[in-house]
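Novice: I have a structure here, written as structure tokens, and I will follow up with some questions on it.
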Amino acid sequence: MNKPAIPNSFRTGPDEQGMFGIFGGRFVAETLMPLILDLERHWNEVKDDPDFKAELTDLSTHYAGRPSKLYFAEGLTRHLREVSSAKGLGGGAKVYFKREDLNHTGSHKINNCLGQILLAKRMGKK
């Protein structure tokens with residue numbers, strides 16, 4: 002009897018061919034593949050390294066202001082509760098905004114940059 006394959010997902014990562022189940026692949030010029038494979042090898046070495054994670058967490062907290070603050074949207078919550086109650090649907094939701102706009106860079110982009118910079122540093126790039 003055939004044993005079912007473990008479903009691939011973003012949590013388990015791609016297989017050796019870069020596939021997420023039937024989706025994905027590696028669509029890169031062949032001349033770049035050695036560099037991509039080197040990057041992948043280094044990432045696989047550091048992704049579970051506690052020192053790498055600690056440095057990324059430290060930078061995220063003390064430089065990028067992570068985790069970003071939550072803001073309770075009192076007016077919107079009140080409105081939704083009134084609408085919900087008027088329609089006989091119950092209490093409604095409490096709404097919070099995750100304020101990415103309050104971070105130093107004003108967006109989520111710093112998250113990606115910090116990880117890339119630390120990986121490049123580990124790879125010996127200058």
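If you're matching positions, the sequence shown starts at 2 in my numbering and goes up one per residue.
Where is the CB? At the ideal position from N, CA and C, for every residue including glycine.
Fair warning: this is a prediction, and the values are worked out from it, not measured in the lab.
Beta-carbon of residue 25 versus every beta-carbon of chain B: anything under 8 Å?
Specialist: Considering every chain present, this structure includes no chain B. It has just one protein chain.
Novice: Counting Cβ pairs, one atom from each stretch, are 3 or more of them under 8 Å apart for the segment 67 to 80 and the segment 94 to 104?
Specialist: Cβ pair count under 8 Å is three or more, so yes.
Novice: So, helix, strand or coil for residue 34, using DSSP?
Specialist: If you number the sequence shown from 1, residue 34 lands on position 33. Of the three classes helix, strand and coil, the one that applies to residue 34 here is helix, per DSSP.
Novice: Note down, in chain order, each residue of its chain lying with its Cβ closer than 8 Å to the Cβ of residue 66, except the 5 sequence neighbours on either side.
Specialist: Within the sequence shown, the letter at position 65 stands for residue 66. Within the same chain, residue 66 has close Cβ partners 103, 104 and 105.
Novice: Comparing alpha-carbon positions, which option in 16, 113 and 122 lies nearest residue 61?
Specialist: Here residue 61 corresponds to residue number 60 of the sequence shown, with the count starting at 1. Ranking 16, 113 and 122 by Cα distance to residue 61 puts 113 first.
Novice: When the Cα atoms are used, what is the spatial distance from residue 19 to residue 27?
Specialist: For the purposes of this step, residue 19 is taken as the residue at position 18 of the sequence shown. For the purposes of this step, residue 27 is taken as the residue at position 26 of the sequence shown. Going from the Cα of residue 19 to the Cα of residue 27 covers about 6 Å.
Novice: Can you tell me whether residue 33 is buried or exposed, with buried defined as 16 or more other CB within 10 angstroms of its CB?
Specialist: If you number the sequence shown from 1, residue 33 lands on position 32. Flag for residue 33 reads exposed.
Novice: Which residue marks the beginning of the alpha helix (DSSP H) containing residue 103, and which one marks its end?
Specialist: Residue mapping note: residue 103 aligns to position 102 of the sequence shown, counting from 1. Careful: residue 103 lies outside any alpha helix (DSSP H) and carries neither H nor E.
Novice: How is residue 28 classed by DSSP in three states: helix, strand or coil?
Specialist: Here residue 28 is taken as the residue at index 27 of the sequence shown, counted from 1. Looking at residue 28 - three-state DSSP - the assignment turns out to be coil, as it is neither helix nor strand.
Novice: Going by DSSP, name the residue or residues bridged to residue 53.
Specialist: The count along the sequence shown starts at 1 and reaches residue 53 at position 52. Answer is none; residue 53 lacks a bridge partner.
Novice: Cα separation between residue 91 and residue 110?
Specialist: Taking the sequence shown and counting its residues from 1, one reaches residue 91 at position 90. Taking the sequence shown and counting its residues from 1, one reaches residue 110 at position 109. Approximately 38 Å between the Cα atoms of the pair.
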